Amino acid sequence: MRGFSAANGMDVSRNGIVYATNDFGNLIGRAYPNGVVQADWGSLPSANGAVLGRDDRWLYVSRTFVNPGVSRISTSNPRVVQSLLNLGGDLTATPDGLTLDARGRPVVPFNAAGQVVRITSPGRYCVLGSGMPLSSVVSYGRGDRGFSAGRLYRAGFDGRIYEV
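The sequence shown maps to residues 563 to 726 in my numbering.
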């Protein structure tokens with residue numbers, strides 16, 4: 563599939579639509595199973611990580627370099643954007659590749675700060691783990707061995723994976 567620009571975060575809906583972000587630009591693209599790419603489906607400066615909510619109604623994205631924080635975008639109308647966390651000018655946070663917990667709350671690594679946090683309500687978060695600089699993505703395990711189901715894992719630019 564061609565047509566995306568420096569895609570970084572990505573998720574796939576139940577009906578096979580791919581959403582991809584570009585953290586150095588403003589565009590969020592959408593690609594359909596038939597190969598049609600809509601590279602300018604949405605726009606959000608520095609959108610990075612991407613994960614769809616359980617019902618595919620919202621695309622959650624981290625904002626890394628411009629206005630750091632986390633937003634969610636309506637998949638039925640990409641002009642509907644809700645900010646869930648605004649970190650102001652705190653460039654030490656640098657939110658990166660996020661996931662959702664079992665209750666649909668965003669869990670996001672703060673790359674430069676070395677933290678993994680969960681957004682508990684709009685504008686509020688709790689720290690789940692710290693001391694892990696260069697964290698780039700978090701994901702829940704799905705197996706019965708190794709990366710166990712329900713356990714949160716962090717991977718980073720340092721090449722390490724930690725259970726949080």
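Cβ coordinates follow ideal geometry from the N, Cα and C atoms, glycine included. A quick note: this is a predicted structure, and the numbers were derived from the prediction, not measured.
query	result
Under the three-state reduction of DSSP, which class applies to Ser683: helix, strand or coil?	strand
Since Thr661 sits in a beta bridge, which residues does DSSP pair it with?	Val669
Assign Gln644 to one of two classes, buried (16 or more other C-beta atoms within 10 Å of its C-beta) or exposed (fewer than that).	exposed
Within this structure, are the beta carbons of Val613 and Leu660 separated by less than 8 Å?	yes
For Asn673 versus Asp663, is the C-beta spacing smaller than 8 Å?	no
Excluding sequence positions up to five away, which residues of its chain have a Cβ less than 6 Å from the Cβ of Gln600?	Arg592
Alpha carbon to alpha carbon, what distance is there between Arg680 and Pro668?	6 Å
Considering only the beta carbon of each residue, do Val642 and Val670 sit closer than 8 Å?	no
Go ahead and pull the three-state DSSP assignment for Asn610.	strand
In whole angstroms, what is the alpha-carbon distance linking Val636 and Gly676?	The residue asked about is misnamed: residue 636 is Ser in this sequence, not Val. Straight-line Cα distance between these residues: approximately 29 Å.
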